[in-house]
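*Asks:* Okay, handing you the structure first.
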Amino acid sequence: MGCLPKKDPEKGGVMSAGASGSLSGKEIILATIRRGLRRGVLPPDQAAMLDSRLAAHPRHTIPERARKPAAERRTDFITRVQKEFGTVEEVASLRDIPAAIARYLASRGLPAAVTVAPHPALHSLDWSAAGLETGWGRVHGTETVSVQYAFAGISETGTLMMPSGPERPVTLNVLTETAIAVLPVERIVGAYEDAWDLLRREIGAMPRSVMLITGPSRSADIEQQLELGAHGPRDIHIILFSQHTPSAPHG
1 MGCLPKKDPE KGGVMSAGAS GSLSGKEIIL ATIRRGLRRG VLPPDQAAML DSRLAAHPRH
61 TIPERARKPA AERRTDFITR VQKEFGTVEE VASLRDIPAA IARYLASRGL PAAVTVAPHP
121 ALHSLDWSAA GLETGWGRVH GTETVSVQYA FAGISETGTL MMPSGPERPV TLNVLTETAI
181 AVLPVERIVG AYEDAWDLLR REIGAMPRSV MLITGPSRSA DIEQQLELGA HGPRDIHIIL
241 FSQHTPSAPH G
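In this text, residue positions in the sequence shown follow the UniProt record's numbering: the first is 1, and each later residue adds one.
Written as C-alpha coordinates, this is what we have:
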(Lines of atoms letter the chains of each structure in order from A; the text may use other names.)
(Lines give C-alpha, C1' and ligand atoms only; values in the text may rest on other atoms or scores of the structure.)
Protein backbone atom coordinates (compact mmCIF):
# COMPACT_ATOMS: atom_id res chain seq x y z
CA MET A 1 0.00 0.00 0.00
CA GLY A 2 1.47 3.39 -1.00
CA CYS A 3 2.17 6.20 1.44
CA LEU A 4 -0.10 9.22 1.41
CA PRO A 5 1.59 12.52 0.57
CA LYS A 6 2.11 14.84 3.54
CA LYS A 7 1.65 18.59 3.79
CA ASP A 8 4.51 21.03 3.53
CA PRO A 9 5.21 22.15 7.13
CA GLU A 10 5.99 25.71 6.11
CA LYS A 11 3.20 26.49 3.65
CA GLY A 12 0.44 24.05 4.49
CA GLY A 13 0.84 22.46 1.07
CA VAL A 14 1.80 18.88 0.19
CA MET A 15 5.27 17.41 0.59
CA SER A 16 6.67 14.02 -0.24
CA ALA A 17 6.32 11.18 2.25
CA GLY A 18 10.07 11.08 2.78
CA ALA A 19 10.43 14.80 3.50
CA SER A 20 8.98 14.54 7.01
CA GLY A 21 11.77 12.18 7.99
CA SER A 22 14.23 15.08 8.13
CA LEU A 23 12.07 17.13 10.53
CA SER A 24 12.60 17.13 14.28
CA GLY A 25 9.72 16.52 16.66
CA LYS A 26 9.64 20.24 17.47
CA GLU A 27 9.43 21.18 13.78
CA ILE A 28 6.58 18.75 13.20
CA ILE A 29 4.61 20.20 16.14
CA LEU A 30 5.19 23.78 14.93
CA ALA A 31 4.19 22.79 11.41
CA THR A 32 0.92 21.35 12.72
CA ILE A 33 0.21 24.59 14.61
CA ARG A 34 0.93 26.66 11.47
CA ARG A 35 -1.49 24.56 9.44
CA GLY A 36 -4.17 25.19 12.05
CA LEU A 37 -3.46 28.95 11.86
CA ARG A 38 -3.42 28.76 8.03
CA ARG A 39 -0.07 30.52 7.74
CA GLY A 40 3.59 29.80 7.19
CA VAL A 41 6.70 30.90 9.07
CA LEU A 42 6.50 34.43 10.52
CA PRO A 43 8.09 37.22 8.48
CA PRO A 44 11.50 38.34 9.80
CA ASP A 45 10.18 41.60 11.31
CA GLN A 46 7.47 39.81 13.34
CA ALA A 47 9.91 37.10 14.42
CA ALA A 48 12.38 39.78 15.58
CA MET A 49 9.65 41.53 17.58
CA LEU A 50 8.76 38.28 19.38
CA ASP A 51 12.42 37.44 20.02
CA SER A 52 12.92 40.89 21.54
CA ARG A 53 9.96 40.45 23.86
CA LEU A 54 11.15 37.02 25.00
CA ALA A 55 14.64 38.37 25.70
CA ALA A 56 13.33 41.35 27.69
CA HIS A 57 11.14 39.31 30.10
CA PRO A 58 8.60 42.14 30.60
CA ARG A 59 6.81 42.08 33.95
CA HIS A 60 3.03 42.16 34.11
CA THR A 61 0.99 43.95 36.75
CA ILE A 62 2.20 42.76 40.17
CA PRO A 63 -0.60 42.57 42.78
CA GLU A 64 -0.17 44.50 46.01
CA ARG A 65 -0.06 41.30 48.08
CA ALA A 66 3.09 40.23 46.19
CA ARG A 67 4.97 43.48 46.88
CA LYS A 68 5.54 43.18 50.61
CA PRO A 69 8.71 43.11 52.75
CA ALA A 70 10.35 39.79 53.62
CA ALA A 71 8.67 39.26 57.01
CA GLU A 72 5.20 39.74 55.54
CA ARG A 73 6.02 37.52 52.56
CA ARG A 74 6.91 34.73 54.97
CA THR A 75 3.62 35.13 56.87
CA ASP A 76 1.58 35.29 53.67
CA PHE A 77 3.35 32.24 52.23
CA ILE A 78 2.52 30.14 55.31
CA THR A 79 -1.10 31.31 55.34
CA ARG A 80 -1.63 30.48 51.67
CA VAL A 81 0.08 27.08 51.91
CA GLN A 82 -2.29 26.17 54.73
CA LYS A 83 -5.26 27.49 52.79
CA GLU A 84 -4.31 25.08 49.99
CA PHE A 85 -4.31 22.06 52.38
CA GLY A 86 -0.55 22.04 52.94
CA THR A 87 1.24 22.12 56.29
CA VAL A 88 4.25 24.14 57.41
CA GLU A 89 6.80 23.89 60.22
CA GLU A 90 9.59 26.35 60.97
CA VAL A 91 12.92 25.31 62.44
CA ALA A 92 15.95 27.36 63.43
CA SER A 93 18.51 25.99 60.98
CA LEU A 94 19.22 23.43 58.30
CA ARG A 95 20.69 20.96 60.82
CA ASP A 96 17.27 20.73 62.52
CA ILE A 97 15.62 19.35 59.38
CA PRO A 98 16.06 15.57 60.00
CA ALA A 99 14.61 15.76 63.53
CA ALA A 100 11.67 17.84 62.25
CA ILE A 101 10.98 15.26 59.55
CA ALA A 102 11.18 12.42 62.08
CA ARG A 103 8.62 14.19 64.30
CA TYR A 104 6.32 14.80 61.36
CA LEU A 105 6.43 11.17 60.21
CA ALA A 106 5.75 9.93 63.73
CA SER A 107 2.77 12.27 64.08
CA ARG A 108 1.30 10.81 60.90
CA GLY A 109 2.01 7.21 61.78
CA LEU A 110 4.40 6.88 58.84
CA PRO A 111 7.56 4.74 58.79
CA ALA A 112 10.85 6.51 59.49
CA ALA A 113 12.07 6.07 55.91
CA VAL A 114 12.46 8.79 53.28
CA THR A 115 13.84 9.17 49.77
CA VAL A 116 15.92 12.34 49.67
CA ALA A 117 16.89 14.57 46.76
CA PRO A 118 20.68 14.47 46.20
CA HIS A 119 21.02 18.19 46.87
CA PRO A 120 24.33 19.18 48.51
CA ALA A 121 22.55 20.87 51.44
CA LEU A 122 20.59 17.70 52.20
CA HIS A 123 23.65 15.47 51.79
CA SER A 124 25.37 17.48 54.54
CA LEU A 125 22.84 16.48 57.23
CA ASP A 126 23.03 13.70 59.81
CA TRP A 127 19.89 11.70 59.03
CA SER A 128 20.80 8.64 61.07
CA ALA A 129 20.93 10.68 64.31
CA ALA A 130 17.22 11.37 63.82
CA GLY A 131 16.54 7.67 63.37
CA LEU A 132 15.70 8.02 59.68
CA GLU A 133 16.41 5.46 56.99
CA THR A 134 17.32 7.26 53.78
CA GLY A 135 17.39 6.45 50.11
CA TRP A 136 18.73 8.95 47.59
CA GLY A 137 17.66 10.07 44.13
CA ARG A 138 14.60 9.20 42.10
CA VAL A 139 11.59 7.23 43.29
CA HIS A 140 9.78 4.57 41.26
CA GLY A 141 6.25 4.56 42.66
CA THR A 142 6.69 2.24 45.64
CA GLU A 143 8.24 4.74 48.07
CA THR A 144 6.03 6.55 50.59
CA VAL A 145 7.81 9.80 51.53
CA SER A 146 10.08 12.10 49.52
CA VAL A 147 12.20 15.05 50.63
CA GLN A 148 13.01 17.84 48.16
CA TYR A 149 15.06 21.02 48.46
CA ALA A 150 12.80 23.70 46.99
CA PHE A 151 14.29 26.32 44.71
CA ALA A 152 11.94 29.10 45.81
CA GLY A 153 8.61 29.83 47.47
CA ILE A 154 6.09 32.30 46.04
CA SER A 155 4.05 34.14 48.66
CA GLU A 156 1.49 35.40 46.13
CA THR A 157 -0.16 31.95 46.07
CA GLY A 158 1.78 29.76 48.54
CA THR A 159 3.53 27.99 45.69
CA LEU A 160 6.83 26.07 45.51
CA MET A 161 9.07 26.38 42.44
CA MET A 162 10.88 23.15 41.56
CA PRO A 163 13.15 23.27 38.49
CA SER A 164 14.30 19.85 37.35
CA GLY A 165 17.93 18.84 37.61
CA PRO A 166 20.23 16.13 38.99
CA GLU A 167 19.86 17.59 42.50
CA ARG A 168 16.03 17.76 42.22
CA PRO A 169 14.61 14.60 40.57
CA VAL A 170 11.12 15.32 39.25
CA THR A 171 9.73 11.98 40.43
CA LEU A 172 10.11 13.10 44.05
CA ASN A 173 7.42 15.72 43.38
CA VAL A 174 4.74 13.39 42.05
CA LEU A 175 5.19 9.70 42.90
CA THR A 176 4.97 9.57 46.70
CA GLU A 177 1.92 9.85 48.94
CA THR A 178 3.72 12.36 51.14
CA ALA A 179 6.05 15.04 49.78
CA ILE A 180 8.22 17.09 52.13
CA ALA A 181 9.90 20.25 50.85
CA VAL A 182 12.76 22.03 52.60
CA LEU A 183 12.84 25.77 51.88
CA PRO A 184 15.11 28.57 53.15
CA VAL A 185 12.87 31.40 54.35
CA GLU A 186 15.17 33.85 52.56
CA ARG A 187 14.06 32.33 49.24
CA ILE A 188 10.40 33.25 49.63
CA VAL A 189 9.72 35.84 46.93
CA GLY A 190 6.60 37.88 46.34
CA ALA A 191 5.45 37.33 42.77
CA TYR A 192 5.88 34.65 40.11
CA GLU A 193 7.95 37.14 38.11
CA ASP A 194 10.41 37.36 41.03
CA ALA A 195 10.80 33.57 41.06
CA TRP A 196 11.44 33.44 37.31
CA ASP A 197 14.01 36.24 37.62
CA LEU A 198 15.77 34.26 40.37
CA LEU A 199 15.79 31.14 38.20
CA ARG A 200 17.29 33.02 35.23
CA ARG A 201 20.00 34.57 37.42
CA GLU A 202 21.05 31.37 39.15
CA ILE A 203 20.40 28.66 36.57
CA GLY A 204 20.57 30.61 33.32
CA ALA A 205 19.26 28.34 30.58
CA MET A 206 15.74 27.07 31.14
CA PRO A 207 15.77 23.57 32.67
CA ARG A 208 13.88 20.73 31.04
CA SER A 209 10.91 21.35 33.32
CA VAL A 210 9.82 23.69 36.10
CA MET A 211 7.07 22.50 38.43
CA LEU A 212 4.94 25.02 40.32
CA ILE A 213 3.36 23.21 43.27
CA THR A 214 0.50 24.75 45.22
CA GLY A 215 -0.67 22.33 47.91
CA PRO A 216 -1.28 18.60 47.53
CA SER A 217 -2.70 17.08 44.37
CA ARG A 218 -6.49 17.33 44.30
CA SER A 219 -9.49 17.03 42.02
CA ALA A 220 -13.24 17.56 42.22
CA ASP A 221 -14.03 16.06 38.81
CA ILE A 222 -16.28 13.34 40.23
CA GLU A 223 -19.56 14.70 41.62
CA GLN A 224 -17.74 17.88 42.73
CA GLN A 225 -16.31 16.04 45.75
CA LEU A 226 -12.78 17.20 46.58
CA GLU A 227 -10.33 14.31 46.54
CA LEU A 228 -6.75 14.82 47.73
CA GLY A 229 -3.93 12.85 46.15
CA ALA A 230 -5.76 12.48 42.83
CA HIS A 231 -2.70 12.84 40.59
CA GLY A 232 0.20 13.14 43.02
CA PRO A 233 1.01 13.51 46.73
CA ARG A 234 -1.86 13.47 49.20
CA ASP A 235 0.15 15.48 51.72
CA ILE A 236 2.53 18.41 51.18
CA HIS A 237 4.63 19.42 54.18
CA ILE A 238 7.03 22.37 54.01
CA ILE A 239 9.84 22.94 56.48
CA LEU A 240 11.19 26.49 56.60
CA PHE A 241 14.61 27.33 58.01
CA SER A 242 16.93 30.32 58.03
CA GLN A 243 20.14 30.26 56.02
CA HIS A 244 21.54 32.88 58.40
CA THR A 245 21.58 30.50 61.35
CA PRO A 246 24.92 28.63 61.36
CA SER A 247 24.65 24.86 61.06
CA ALA A 248 26.91 22.47 62.90
CA PRO A 249 29.19 20.54 60.54
CA HIS A 250 28.00 17.02 59.73
CA GLY A 251 29.99 14.25 61.44
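Ideal placement from N, C-alpha and C gives every residue a C-beta, glycine not left out.
(1) Tell me the DSSP secondary structure of residue 131 in three-state form.
(2) When you compare the stretch 187-203 with the stretch 149-156, are there three or more beta-carbon pairs, one atom per stretch, that lie closer than 8 Å?
(3) Please return the same chain residues whose Cβ sits closer than 7 Å to the Cβ of residue 44, not counting the five positions on each side in sequence.
(4) Tell me the rounded alpha-carbon separation between residue 313 and residue 27.
(5) If we call anything under 8 Å between Cβ atoms a contact, is residue 138 one with residue 171?
(6) I'd like the list of long-range same chain contacts for residue 90, defined as Cβ closer than 6 Å, with 5 residues on each side in sequence excluded.
(7) Please name the residue, chosen from 92, 119, 158, that lies closest to residue 164 on a Cα-to-Cα basis.
(8) Between residue 121 and residue 113, what straight-line distance do the alpha-carbon atoms span, to the nearest angstrom?
(9) For the beta strand (DSSP E) that contains residue 150, what are its first and last residues?
(10) For residue 88, count neighbouring Cβ atoms within 10 angstroms of its own Cβ and tell me buried if that reaches 16, exposed if not.
(11) Which residues bound the beta strand (DSSP E) around residue 184?
(12) Apart from the five residues on each side of it in sequence, which residues of its chain come closer than 6 Å, Cβ to Cβ, to residue 73?
(13) Whole-angstrom Cβ separation of residue 233 and residue 144, contact assumed at under 8 Å?
(14) Only counting the same chain, and skipping five residues up and downstream in sequence, which positions put a Cβ closer than 6 Å to that of residue 140?
(15) Span of the beta strand (DSSP E) holding residue 98?
(16) By alpha-carbon positions, which one of 58, 115, 34 ends up nearest to residue 197?
*Replies:* On the basis of the supplied data:
(1) Taking the sequence shown and counting its residues from 1, one reaches residue 131 at position 131. In the structure shown, residue 131 sits in coil (DSSP, three-state: anything other than H, G, I, E or B).
(2) yes
(3) The residue labelled residue 44 in the question sits at position 44 within the sequence shown. Cβ within range, chain order: n/a, list empty.
(4) Because the chain here runs from 1 to 251, residue 313 falls outside it and cannot be looked at.
(5) Taking the sequence shown and counting its residues from 1, the one referred to as residue 138 is at position 138. Taking the sequence shown and counting its residues from 1, the one referred to as residue 171 is at position 171. Going by C-beta atoms, residue 138 is nearer than 8 Å to residue 171.
(6) By one-based count along the sequence shown, residue 90 stands at place 90. Excluding sequence neighbours, residue 90 sits near 240.
(7) Working through the sequence shown from its first residue, we reach residue 164 at position 164. Nearest C-alpha to residue 164: 119.
(8) As a working note, residue 121 is residue 121 in the sequence shown. As a working note, residue 113 is residue 113 in the sequence shown. Whole-angstrom Cα-Cα distance: 19 Å.
(9) Along the sequence shown, one-based indexing puts residue 150 at 150. No beta strand (DSSP E) holds residue 150; DSSP gives it neither H nor E.
(10) The residue given as residue 88 occupies position 88 in the sequence shown. Buried is the call here.
(11) Sequence index remark: in the sequence shown, residue 184 carries index 184 (1-based). 178-184 is the span of the beta strand (DSSP E), which, as asked, contains residue 184.
(12) Position 73 of the sequence shown, counted from the start, is the residue given in the question as residue 73. Taken in chain order, the residues that qualify are 155, 188, 190.
(13) Position 233 of the sequence shown, counted from the start, is the residue given in the question as residue 233. Position 144 of the sequence shown, counted from the start, is the residue given in the question as residue 144. In fact, because the Cβ distance is near 10 Å, the residues do not count as touching under 8 Å.
(14) Within the sequence shown, residue 140 is the residue found at index 140, counting from 1. Nothing listed; no residue qualifies.
(15) Here residue 98 corresponds to residue number 98 of the sequence shown, with the count starting at 1. Where residue 98 is concerned, there is no enclosing beta strand (DSSP E), although the alpha helix (DSSP H) it sits in stretches over 97-107.
(16) On the sequence shown, residue 197 is found 197 positions in, with the first residue counted as 1. Taking only the C-alpha atoms, the option nearest residue 197 is 58.
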